[in-house]
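Participant: Pasting in a structure now, in structure tokens, and then I'll have a few things to ask.
Numbering (my numbering), first residue to last: 1 to 328.
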């Protein structure tokens with residue numbers, strides 16, 4: 001275990017440059033005191049590791065020192081090959097580079113690990129789009145990705161829900177979610193999210209920008225998606241659900257709605273239960289979501305939503321009561 005930890009510390013220092021003892025302790029899941037002993041052991045074995053003092057300090061390797069890529073465990077080798085995503089790589093124009101990189105890694109692995117890596121490729125597959133959806137291939141994805149990597153500004157014409165907008169954007173990062181690509185871009189000091197399929201025109205500018213030092217793409221995306229879900233479901237409906245309606249709600253709801261639905265433990269004589277469900281901004285949006293539950297749900301409150309459900313179901317009933325026209 002210690003040998004594996006020492007190798008992990010060494011490769012972390014090589015990859016990140018300067019790392020503090022608490023950061024290494026978190027990564028290795030040991031105490032800071034243990035990290036101090038490990039650093040002493042590395043130094044004693046001849047590894048040129050140094051400690052920089054002060055608020056900006058930490059441990060680092062001597063400039064130019066490199067560790068050979070070896071000593072991979074079975075799970076580490078498999079994880080590296082499991083990370084290869086051919087669809088997104090092709091969309092970004094990196095499919096050839098990904099294959100070449102995997103081949104180089106495969107050649108560097110010991111013979112006993114090559115078979116394990118091959119089995120991971122053969123037996124695991126990631127299908128990014130959601131069910132009944134297709135992966136988008138936005139026209140300007142590669143150009144935007146290039147600007148993200150170069151750190152240069154772009155001019156885009158964007159189709160929002162309400163109108164077309166012209167924007168000069170500092171592209172900070174790309175996110176692939178459910179088969180759709182999104183851009184986290186800075187405009188006027190604030191970071192916004194753009195769906196790349198809605199970018200109508202894109203022009204790369206030979207103008208660099210200062211990337212915010214504290215910007216974390218993963219953290220931003222988590223907060224942005226949570227905020228968007230909250231904005232899309234600001235209201236609450238009190239709904240009576242049949243036993244099958246409870247199952248439908250669990251199957252058809254988004255994770256945000258599913259985790260925030262409050263379902264009474266007790267049921268009435270017919271087995272129906274009361275649920276408090278996050279719903280859309282307007283009665284129309286809320287009704288559209290709840291109509292998926294069909295006759296297995298009855299809206300009790302608010303009165304406006306109940307009236308909207310009554311109105312829509314009456315219109316639907318009247319539509320289906322009209323005799324179907326004969327085909328000529």
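By construction, the Cβ of each residue, glycine as well, lies at the ideal position given by its N, Cα and C atoms.
Nothing here was measured: the structure is a model prediction, and the numbers come from that model.
Taking the C-alpha atoms as reference points, what is the distance between residue 207 and residue 286?
Facilitator: Approximately 45 Å, taken between the alpha carbons.
Participant: Using a Cβ-Cβ cut-off of 6 Å (strictly less than) and excluding sequence neighbours within five positions of residue 165, which residues of its own chain qualify?
Facilitator: These residues qualify, in order along the chain: 158.
Participant: With a 10 Å radius around its C-beta and 16 neighbouring C-beta atoms as the bar for buried, classify residue 162 as buried or exposed.
Facilitator: Exposed is the call here.
Participant: Looking at the structure shown, is residue 384 part of a helix, part of a strand, or coil, going by DSSP?
Facilitator: Beyond the ends of the chain as shown, which are 1 and 328, falls residue 384; an answer cannot be given.
Participant: Are there 16 or more other CB atoms within 10 angstroms of the CB of residue 329, so buried, or fewer, so exposed?
Facilitator: An answer regarding residue 329 cannot be provided, because it is not within the stretch 1 to 328 covered by the chain.
Participant: State the Cα-Cα distance for the pair residue 328 and residue 319, rounded to the nearest angstrom.
Facilitator: Confidence in residue 328 is poor, its pLDDT being 47 and thus under 50, which makes the residue's placement unreliable; the coordinate value appears in the next sentence. So the alpha carbons of these two residues sit roughly 21 Å apart.
Participant: Return the CA-CA distance between residue 274 and residue 316, expressed in angstroms with no decimal places.
Facilitator: 25 Å
Participant: Could you name the residues that DSSP lists as bridge partners for residue 298?
Facilitator: 240
Participant: Could you give the C-beta distance for residue 152 and residue 204, rounded to a whole number, given that I count them as a contact under 8 Å?
Facilitator: Rounded, the Cβ-Cβ distance is 6 Å, consistent with contact.
Participant: Per the contact definition of three or more C-beta pairs closer than 8 Å, is the stretch 140-152 in contact with the stretch 174-187?
Facilitator: yes
Participant: Quick check: the Cα distance between residue 45 and residue 193, rounded to an integer number of angstroms?
Facilitator: 49 Å
Participant: Under three-state DSSP, which class holds residue 151?
Facilitator: coil
Participant: Keeping to the same chain, check which residues put their C-beta closer than 7 Å to that of residue 13; ignore five residues upstream and five downstream.
Facilitator: 19, 49, 59, 60 and 61
Participant: Identify every residue that forms a DSSP beta bridge with residue 345.
Facilitator: Given that the chain is displayed from residue 1 to residue 328, the structure contains no residue 345 and the question cannot be resolved.
Participant: Tell me which residue opens and which closes the beta strand (DSSP E) that residue 227 is part of.
Facilitator: Where residue 227 is concerned, there is no enclosing beta strand (DSSP E), although the alpha helix (DSSP H) it sits in stretches over 217-232.
Participant: Check whether the stretch 232-251 touches the stretch 209-220, counting contact only when three or more Cβ pairs, one atom from each stretch, lie closer than 8 Å.
Facilitator: no
Participant: Find the nearest neighbour of residue 179 within the set 170, 169, 173 and 196, judged by alpha-carbon distance.
Facilitator: 196
Participant: Hey, out of 93, 215 and 155, whose CA is closest to residue 172's CA?
Facilitator: 215
Participant: Can you find the residues in the same chain that come closer than 7 Å, C-beta to C-beta, to residue 41, ignoring five residues on each side of it along the sequence?
Facilitator: 6
Participant: Classify residue 328 as helix, strand or coil using the three-state DSSP reduction.
Facilitator: Confidence in residue 328 is poor, its pLDDT being 47 and thus under 50, which makes the residue's placement too unreliable to answer from.
Participant: With the cut-off set at 8 Å, would you say residue 199 and residue 138 are in Cβ contact?
Facilitator: yes
Participant: Going by beta-carbon coordinates alone, are residue 263 and residue 293 separated by less than 8 Å?
Facilitator: The beta carbons of residue 263 and residue 293 sit no closer together than 8 Å.
Participant: Quick one: is residue 308 buried, meaning 16 or more other Cβ sit within 10 Å of its Cβ, or exposed?
Facilitator: buried
Participant: Alpha carbon to alpha carbon, how far is residue 43 from residue 11?
Facilitator: 15 Å
Participant: Determine the closest residue to residue 217 out of 202, 241 and 175, with distance taken between C-alpha atoms.
Facilitator: 175
Participant: Grab the span of the alpha helix (DSSP H) containing residue 290 for me, first residue to last.
Facilitator: 283-290
Participant: Between 33, 177 and 246, which lies nearest to residue 131 when the distance is taken from Cα to Cα?
Facilitator: 177
Participant: Please list, in chain order, all residues of the same chain as residue 93 whose beta carbon is under 7 Å from its beta carbon, the five residues on each side excluded.
Facilitator: 142
Participant: Taking the C-alpha atoms as reference points, what is the distance between residue 54 and residue 230?
Facilitator: 42 Å
Participant: Taking the Cβ atom as the reference point for each residue, do residue 169 and residue 148 lie within a distance shorter than 8 Å?
Facilitator: no
Participant: Around the C-beta of residue 122, are 16 or more other C-beta atoms found within 10 angstroms, so that it is buried, or is it exposed?
Facilitator: exposed
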